[in-house]
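In case it helps, this note's numbering puts the sequence shown at residues 26 to 325.
Quick reminder that beta carbons are idealized off the backbone N, C-alpha and C, glycines included.
Keep in mind it's a predicted model, so treat the numbers as computed, not measured.
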Amino acid sequence: MKAVQFAEYGDPEVLHVVEVEEPHAGPGRIRIAVRAAGVNAIDWKIRAGFMREMRPLPLPSGSGMDAAGVVDEVGDGVSGVALGDEVFGTGSATLAEHAVLSSWATKPADLPFEEAAGYPVPVETATRILKEVGVQPGQTLLVSGAAGGVGSAVVQIARARGITVIGTASEGNQGYLRSLGAVATTYGAGLVDRVRPLAPNGVDAALDIAGHGVVTELIELTGEPAKVLSIADFTAPEHGARVSAGGRNGGAALEEGARLFSKGALRIAVAKTFPLAAAAEAHAASQAGHVAGRLVVTVP
Ligand SMILES: NC(=O)c1ccc[n+]([C@@H]2O[C@H](COP(=O)([O-])OP(=O)(O)OC[C@H]3O[C@@H](n4cnc5c(N)ncnc54)[C@H](OP(=O)(O)O)[C@@H]3O)[C@@H](O)[C@H]2O)c1
26 MKAVQFAEYG DPEVLHVVEV EEPHAGPGRI RIAVRAAGVN AIDWKIRAGF
76 MREMRPLPLP SGSGMDAAGV VDEVGDGVSG VALGDEVFGT GSATLAEHAV
126 LSSWATKPAD LPFEEAAGYP VPVETATRIL KEVGVQPGQT LLVSGAAGGV
176 GSAVVQIARA RGITVIGTAS EGNQGYLRSL GAVATTYGAG LVDRVRPLAP
226 NGVDAALDIA GHGVVTELIE LTGEPAKVLS IADFTAPEHG ARVSAGGRNG
276 GAALEEGARL FSKGALRIAV AKTFPLAAAA EAHAASQAGH VAGRLVVTVP
């Protein structure tokens, strides 16, 4: 089958479409014929070698964690899913014609494959960090870097739970952020002074989705390091704030994502699609860092 691989860490140009042996679904796994694969920020960080200490890879390696497609193998011990079912989920080497998934949910029939492929990591991450930061219905949550893939999921899932969300994004993404249901403002110098008037009852919790050294300002706004959680700044604990780095409950989160989509409460916009042969361009666009929604690679 055709798959995107890299044989060395480096710039997006290290990605190539090559012929490889098909993977197979082991116990507890399913395999899909991939129709579309979501591009996460973590994908380019892995390819660039930034995660090589934490997550060493045998090279050459495939790329991609998220995908949507049609089930074509079901591993031992798996129930509730059958050949031909349309699913979306998380696995490995998803930029390929076939990929093995470790967590998944049934894709709603009216959710296009391209859009569904962008949901898994953002939705799993969003449900996990909303739980870990402990924000409750009726409270106010500040989200730094709210317009990307994870941010889009956080804002909408929080809004669906009755949480008021103040989100930051670049000037060009203010309208997008408002369309998700957030009170929007820009990031950068003066954040504390911009957010205070938007939160007359205070900020109950804050999530740092994008990094960029914002943790101390989030602590100032919430009044307590324990109310701040980052997924992108591993220096956060130096200030007393927490870091969340990966979860295990993907299937349940994706089922919640599917339910919210079907209720009209969750859409993660497809910012742009790329064919498999242009995977390097998709990585470069993700790495540039200003995507509203999700970049997606389609597989014929
Ligand atoms: N620890 C975990 O469990 C976990 C899980 C998933 C992802 N992550 C990490 O979380 C981060 C976000 O992932 P993603 O896939 O959502 O990325 P993404 O889709 O590329 O979104 C990144 C967003 O960051 C915003 N941004 C850029 N510069 C900023 C700044 N100076 N201040 C605030 N926001 C800024 C951009 O907003 P504008 O376009 O408006 O500039 C962009 O929309 C990545 O670092 C990823 O590695 C961690």
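Item, Value
"With a threshold of 7 Å (Cβ to nearest heavy atom), would residue 275 be considered close to ligand 1?", "no"
"Starting from the C-beta of residue 167, find all residues in its chain whose C-beta is less than 7 Å away, skip the five residues before and the five after it, and write them out in chain order.", "191, 220, 228, 231, 243, 246"
"Any contact of the region 167-187 with the region 246-266, i.e. 3+ C-beta pairs under 8 Å?", "yes"
"Below 7 Å CB to CB, which residues in the same chain sit around residue 205 once its five sequence neighbours on both sides are set aside?", "177, 180, 181"
"Which of the three DSSP states, helix, strand or coil, is assigned to residue 233?", "strand"
"According to the neighbour-count rule (16 or more other Cβ atoms, all chains shown, within 10 Å of its Cβ), is residue 79 buried or exposed?", "exposed"
"Check whether the region 57-67 touches the region 107-123, counting contact only when three or more Cβ pairs, one atom from each stretch, lie closer than 8 Å.", "yes"
"Between the region 286-294 and the region 307-314, are three or more C-beta pairs nearer than 8 Å?", "no"
"Grab the span of the alpha helix (DSSP H) containing residue 312 for me, first residue to last.", "304-313"
"Between the C-alpha atoms of residue 288 and residue 185, what's the straight-line distance to the nearest angstrom?", "10 Å"
"Determine, using beta carbons only, whether residue 115 and residue 149 come nearer to each other than 8 Å.", "yes"
"Would you mind giving the Cβ-Cβ distance between residue 29 and residue 42, rounded to the nearest angstrom? I have them listed as a contact below 8 Å.", "6 Å"
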